[in-house]
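Novice:
There are 2 protein chains.
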Amino acid sequence: MADEATEPVEDADDTPRGVTIDDVAAAAHVSTATVSRVMNNRPVVAAETRERVLAAIERLRFRPSSLGRNLATRRTGAIGLVIADITNPFYPEVVRGVEQTAASYGTSVLLYDTAEDSEREAQALRLLGERHVDGMIICASRLPPERIALIARPAVPLVLINRQLTPPSLGTVDVDQEAGVRAAMAHLIALGHRRIAYLGGPPASQVQQRRLAAFRAACADAGLPTDGGVVTATPTIVGGKDAARALLRGRPGRRPTAVLAYNDLMSIGILMAAHEAGVAVPDHLSIVGHDDIPMAAALHPALTTVRQPMRELGVRAVRLLYGDHSERTAHDAQDAPTLIRLQPQLVARASTAPPA
Amino acid sequence: MADEATEPVEDADDTPRGVTIDDVAAAAHVSTATVSRVMNNRPVVAAETRERVLAAIERLRFRPSSLGRNLATRRTGAIGLVIADITNPFYPEVVRGVEQTAASYGTSVLLYDTAEDSEREAQALRLLGERHVDGMIICASRLPPERIALIARPAVPLVLINRQLTPPSLGTVDVDQEAGVRAAMAHLIALGHRRIAYLGGPPASQVQQRRLAAFRAACADAGLPTDGGVVTATPTIVGGKDAARALLRGRPGRRPTAVLAYNDLMSIGILMAAHEAGVAVPDHLSIVGHDDIPMAAALHPALTTVRQPMRELGVRAVRLLYGDHSERTAHDAQDAPTLIRLQPQLVARASTAPPA
DNA sequence: TTGAAAGCGCTAACAA
DNA sequence: TTGTTAGCGCTTTCAA
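Residue numbers (this note's numbering), protein chains in the order written: chain A, 1 to 356; chain B, 1 to 356.
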């Protein structure tokens, strides 16, 4: 408030506060435009002038204010990333992919965790909607479309991960869920399983819907029964455990001999429930998860799972945001949202075996 | 560029782009100051005027630009959070605590993951240093002090998690590491263990240093030998596994009967190495971890561990940033950095038992 | 209770 | 190669 009245110009030997581009310009006897040019490495500055400006910047300990710059350029160097549950090891991998790729573009990441909770979801999206970001990435496949539409802006590129949506969105990066489920089912069927259950995640999730449909299709193709073998639950360890308890309650002859789970967290729950019920894995129950979180290989028995390219999802999403052309396939229409489809991979480990 | 020349004023029925406070002011026949007052709920506006302004805002679909506001107020409503490794389940919990508490203050979180890598660390800090944030939280206990000093600004409150530093910093939220180690050691000693090893984390980490010192002190107090029973490694599953292999190579009579690990991830590695080596846990080897990550209870055997109040660390850090007075103890000097010390808790589960 | 006007700190035409 | 001059969109005295 009283600063400008009492502050001696071009003197910053004390605390380097409030040094502006004007101070530098004055100190270097140039205009602010020139200082700006130097800061932004514009080539049209005489070497000698540049030196002078650089020296002044150094001397005054000038740090350009991102605020002024942001307003002038209408860019912030920040992107918003919305995820469903940072506590589920799937997401940290995605976050890492996003964060590091963003960093390589000189961009920071605003993280919003909806905590799989509708209220927090609203709060997170409101917060993000009020900010000016250079782009947004949404990785929360059960987020209602209306909510996304609410924050989507024509001027702000939006990339979705594992979720499709009618425009306006720049595009989607997703995983071929059907291929993953097919591979898992083929593996189990090849081992000799006939009674296979599917332990699904949130019914509202697009990923869940696609996996379930693929599961049913695979059963139909192989002539397996599916009725009664489909359950949905919260995609957590506890959710998996509770659901698995129900699944394992049947008489041995009627119980599934294998279960395909929505994610690895739930598989851990199944493992626990099986142990509790005295059902040996994989001898009396085979388990296939989804994701291949780092923990999956460390479990006992090590988990067979459909690996998702989690980090890659994040990496690609950012590249797409920045219009990296290698991300668009040749026949992409100019105005149609791009779809980048990544392939999952079945990782066979110790939690699957032929039925007893 | 050409917008201002061709755009008809106060007409936004098409795409709601570029509507500014001036448009609203014109449409409502008031000044921009009044519009600003209405937006910020300043009480001095006549009810009738307020209605008119609100109507105009609605009609024009006006969304105030955060850019202009940020510049005018010199605040951004964003805080920076630096963490060491989002892939280690400890950090997502901290992140959640920070993110949700920040959201309750209407603040967003810029996340920087150093990935326990020196180069990325530098990149992350540079990025953060260039931004205008309302506060910073650093949760990366092995980050070199010089690097922190580089981005610390007198004007920006800085809170550290699990790491102390001479000013300038508003304060630290940490866990009483010594108490945690003491509890773990008391537990093992009470079970009858005499040969206890410590499997440590990064030597540069302050947390590691404190735990190691506390371990040595506890051994000394109990008259136990410690030489040879101390190893350090990368704080990951693999790091723990590799280190544990070395630890388990000794002849049975010389091997430790119990090991205290730097974190749960390493404990998982130990579990794997023990299994590999045919050493039964807990019968022939007891394991105590640190953190109590969600996975800890799901392991087999369920992990005894020194629970860290991870989420609480994040919550408290944000509160401290915002000067919540309940965060300062009574005798806090005005200018001394605040120290909030949280207590860990030993959670005894199945990975510990009396030695064979 | 409202308005006029001066910034906030930077960028970018356009001119020189 | 450099400077002049408008903004960018909002907040906030100060005066009316």
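Heads up, the beta-carbon is just placed ideally off N, CA and C, and yes, glycines get one too.
Note that the structure is a prediction, hence the values are computed from the model and not measured.
Counting contacts by CB-CB distance shorter than 8 Å, is residue 304 (chain A) in contact with chain B?
Specialist: As a position in the first sequence, residue 304 (chain A) is number 304, starting the count at 1. Chain B, which has no Cβ nearer than 8 Å to the Cβ of residue 304 (chain A), makes this no.
Novice: Ordered along the chain, which non-local residues of its own chain (more than five positions away) have a Cβ less than 6 Å from that of residue 316 (chain A)?
Specialist: The residue labelled residue 316 (chain A) in the question sits at position 316 within the first sequence. Excluding residues within five positions, the ones whose Cβ falls inside 6 Å are 173 and 340.
Novice: Any beta carbon of chain A sitting closer than 8 Å to that of residue 115 (chain B)?
Specialist: Your numbering for residue 115 (chain B) matches position 115 in the second sequence. At least one chain A Cβ lies under 8 Å of residue 115 (chain B).
Novice: Would residue 161 (chain A) pass as an interface residue toward chain B - the criterion being a Cβ-Cβ separation below 8 Å?
Specialist: As a working mapping, residue 161 (chain A) is identified with position 161 in the first sequence. It does not; no Cβ of chain B falls within 8 Å.
Novice: Compare the C-alpha of residue 353 (chain B) against each of B:309, B:252 and B:259 and name the closest.
Specialist: For the purposes of this step, residue 353 (chain B) is identified with residue 353 of the second sequence, where counting begins at 1. Checked all of B:309, B:252 and B:259; the closest Cα to residue 353 (chain B) is B:259.
Novice: Can you grab the Cα-Cα spacing for the pair residue 154 (chain A) / residue 135 (chain A), in whole Å?
Specialist: Sequence index remark: in the first sequence, residue 154 (chain A) carries index 154 (1-based). Sequence index remark: in the first sequence, residue 135 (chain A) carries index 135 (1-based). One C-alpha to the other measures close to 11 Å.
Novice: Anyone know if the C-beta pair for residue 344 (chain A) and residue 180 (chain A) falls short of 8 Å?
Specialist: Here residue 344 (chain A) is taken as the residue at index 344 of the first sequence, counted from 1. Here residue 180 (chain A) is taken as the residue at index 180 of the first sequence, counted from 1. With respect to residue 180 (chain A), residue 344 (chain A) sits close: the two C-beta atoms are nearer than 8 Å.
Novice: So, does the segment 291-302 of chain A touch the segment 273-280 of chain A, judging by three or more C-beta pairs under 8 Å?
Specialist: no
Novice: Please state whether DSSP places residue 84 (chain B) in a helix, a strand or coil.
Specialist: Within the second sequence, the letter at position 84 stands for residue 84 (chain B). Residue 84 (chain B) sits in coil when the DSSP states are folded into three classes, being neither helix nor strand.
Novice: Between the segment 65-74 of chain A and the segment 107-123 of chain A, do at least 3 Cβ pairs fall closer than 8 Å?
Specialist: no
Novice: When burial is assigned at 16 or more other CB atoms within 10 Å of the CB, is residue 132 (chain A) buried or exposed?
Specialist: Taking the first sequence and counting its residues from 1, the one referred to as residue 132 (chain A) is at position 132. The residue is buried, with at least 16 neighbouring Cβ atoms inside 10 Å.
Novice: I'd like to know if the segment 260-272 of chain B and the segment 298-312 of chain B are in contact, where contact means that at least 3 CB-CB pairs between them fall below 8 Å.
Specialist: Contact between the segment 260-272 of chain B and the segment 298-312 of chain B is present, because at least three Cβ pairs lie under 8 Å.
Novice: In the DSSP assignment, find the alpha helix (DSSP H) that holds residue 147 (chain A) and state where it starts and stops.
Specialist: Position 147 of the first sequence holds residue 147 (chain A). If you look at residue 147 (chain A), you'll find it in the alpha helix (DSSP H) that goes 145-151.
Novice: Could you tell me whether the Cβ atoms of residue 323 (chain B) and residue 98 (chain B) are closer together than 8 Å?
Specialist: As a position in the second sequence, residue 323 (chain B) is number 323, starting the count at 1. As a position in the second sequence, residue 98 (chain B) is number 98, starting the count at 1. Note that the C-beta distance between residue 323 (chain B) and residue 98 (chain B) is not below 8 Å.
Novice: Which term fits residue 23 (chain B), buried or exposed, when burial requires 16 or more other beta carbons within 10 angstroms of its beta carbon?
Specialist: Along the second sequence, read from residue 1 onward, the residue named residue 23 (chain B) stands at position 23. So residue 23 (chain B) ends up on the buried side.
Novice: With distances taken Cα to Cα, identify the nearest neighbour of residue 54 (chain A) among A:27, A:80 and A:76.
Specialist: Residue mapping note: residue 54 (chain A) aligns to position 54 of the first sequence, counting from 1. Taking only the C-alpha atoms, the option nearest residue 54 (chain A) is A:27.
Novice: Assuming the contact rule is C-beta atoms closer than 8 Å, residue 211 (chain B) and residue 164 (chain B) should be a hit. Round their C-beta distance to whole Å, please.
Specialist: The residue given as residue 211 (chain B) occupies position 211 in the second sequence. The residue given as residue 164 (chain B) occupies position 164 in the second sequence. Wrong, their Cβ atoms sit about 15 Å apart, outside the cutoff.
Novice: The ligand MG heavy atoms versus the CB of residue 309 (chain A): any closer than 7 Å?
Specialist: This structure simply doesn't include the ligand MG, nor any ligand for that matter.
Novice: Mind reading off the beta-carbon distance from residue 214 (chain A) to residue 182 (chain A)? Whole number of angstroms is fine, and I expect it under 8 Å.
Specialist: If you number the first sequence from 1, residue 214 (chain A) lands on position 214. If you number the first sequence from 1, residue 182 (chain A) lands on position 182. Between residue 182 (chain A) and residue 214 (chain A) the Cβ distance is about 6 Å, and since that is below 8 Å, they are a contact.
Novice: What separation, rounded to the nearest whole angstrom, lies between the Cα atoms of residue 242 (chain B) and residue 266 (chain B)?
Specialist: For the purposes of this step, residue 242 (chain B) is identified with residue 242 of the second sequence, where counting begins at 1. For the purposes of this step, residue 266 (chain B) is identified with residue 266 of the second sequence, where counting begins at 1. Those two C-alpha atoms are separated by around 9 Å.
Novice: Under a Cβ-count criterion, where at least 16 other Cβ atoms within 10 Å of its own Cβ denotes burial, should residue 48 (chain B) be classed as buried or exposed?
Specialist: Here residue 48 (chain B) corresponds to residue number 48 of the second sequence, with the count starting at 1. Classification for residue 48 (chain B): exposed.
Novice: Per the DSSP calculation, residue 139 (chain A) is bridged to which residue(s)?
Specialist: Working through the first sequence from its first residue, we reach residue 139 (chain A) at position 139. Its beta-bridge partners are A:83.
Novice: Count the other CB atoms, across all protein chains shown, that sit within 10 Å of the CB of residue 223 (chain A); report buried if there are 16 or more and exposed otherwise.
Specialist: Looking up residue 223 (chain A) in the first sequence gives position 223. Its Cβ having fewer than 16 others within 10 Å, residue 223 (chain A) is exposed.
Novice: Does the beta-carbon distance from residue 78 (chain A) to residue 107 (chain A) come in below 8 Å?
Specialist: Taking the first sequence and counting its residues from 1, the one referred to as residue 78 (chain A) is at position 78. Taking the first sequence and counting its residues from 1, the one referred to as residue 107 (chain A) is at position 107. In terms of Cβ geometry, residue 78 (chain A) and residue 107 (chain A) form a close pair [threshold 8 Å].
Novice: So that I know if they touch, is there some Cβ in chain A lying closer than 8 Å to that of residue 95 (chain B)?
Specialist: Within the second sequence, residue 95 (chain B) is the residue found at index 95, counting from 1. For residue 95 (chain B), the answer is yes, since a Cβ of chain A falls inside 8 Å of its Cβ.
Novice: Taking buried to mean at least 16 other C-beta atoms within 10 Å of its own C-beta, is residue 29 (chain A) buried or exposed?
Specialist: In the first sequence, counting from the first residue as 1, residue 29 (chain A) sits at position 29. Under this definition residue 29 (chain A) is an exposed residue.
Novice: So with Cβ pairs under 8 Å, would you call residue 48 (chain B) a contact of chain A?
Specialist: For the purposes of this step, residue 48 (chain B) is identified with residue 48 of the second sequence, where counting begins at 1. Taking Cβ atoms only, chain A never reaches closer than 8 Å to residue 48 (chain B), which makes this a no.
Novice: Check whether the Cβ of residue 276 (chain A) lies closer than 8 Å to any Cβ atom in chain B.
Specialist: Translated into positions along the first sequence, residue 276 (chain A) becomes position 276. No, no contact with chain B.
Novice: Use the C-beta contact count for residue 19 (chain A): other C-beta atoms within 10 angstroms, 16 or more gives buried, fewer gives exposed.
Specialist: Against the first sequence, residue 19 (chain A) aligns to sequence position 19. Within a 10 Å sphere around the beta-carbon of residue 19 (chain A) sit 16 or more other beta-carbons, which makes this residue buried.
Novice: Going by C-alpha to C-alpha distance, which of A:246, A:103 and A:61 sits closest to residue 273 (chain A)?
Specialist: Locating residue 273 (chain A) in the first sequence gives position 273, counting from the first residue. Among A:246, A:103 and A:61, the Cα nearest to that of residue 273 (chain A) belongs to A:246.
Novice: In terms of alpha-carbon separation, which member of A:21, A:75 and A:271 lies closest to residue 157 (chain A)?
Specialist: Within the first sequence, the letter at position 157 stands for residue 157 (chain A). Of the listed residues, the one whose Cα sits closest to residue 157 (chain A) is A:75.
Novice: Using 8 Å for Cβ pairs, my map puts residue 96 (chain B) next to residue 349 (chain B). What's the rounded Cβ distance?
Specialist: Counted from its first residue, the second sequence places residue 96 (chain B) at position 96. Counted from its first residue, the second sequence places residue 349 (chain B) at position 349. So it is not a contact: roughly 23 Å between Cβ atoms.
Novice: Which ranges does the alpha helix (DSSP H) cover as unbroken runs of at least 4 residues, wholly within the segment 148-202 of chain A, from first to last along the chain?
Specialist: Unbroken alpha helix (DSSP H) runs of no fewer than 4 residues, entirely contained in the segment 148-202 of chain A, are found at 177-191, following chain order.
Novice: If you count every other CB in all the chains shown that lies within 10 Å of the CB of residue 208 (chain B), and 16 or more means buried, which is it?
Specialist: Numbered from its first residue, the second sequence carries residue 208 (chain B) at position 208. Looking at its Cβ environment, which holds 16 or more other Cβ atoms inside 10 Å, residue 208 (chain B) is buried.
Novice: For residue 268 (chain B), would you say it is in contact with chain A, using Cβ-to-Cβ distances shorter than 8 Å as the test?
Specialist: As a position in the second sequence, residue 268 (chain B) is number 268, starting the count at 1. Closer than 8 Å to some Cβ of chain A, the Cβ of residue 268 (chain B) qualifies, so yes.
Novice: CB-CB under 8 Å to residue 331 (chain B), same chain, minus the five flanking residues each way: which ones, in chain order?
Specialist: Here residue 331 (chain B) corresponds to residue number 331 of the second sequence, with the count starting at 1. Residue confidence is low: residue 331 (chain B) scores 49 on pLDDT, short of 50, so the model does not pin down where it sits. No coordinate-derived value is stated.
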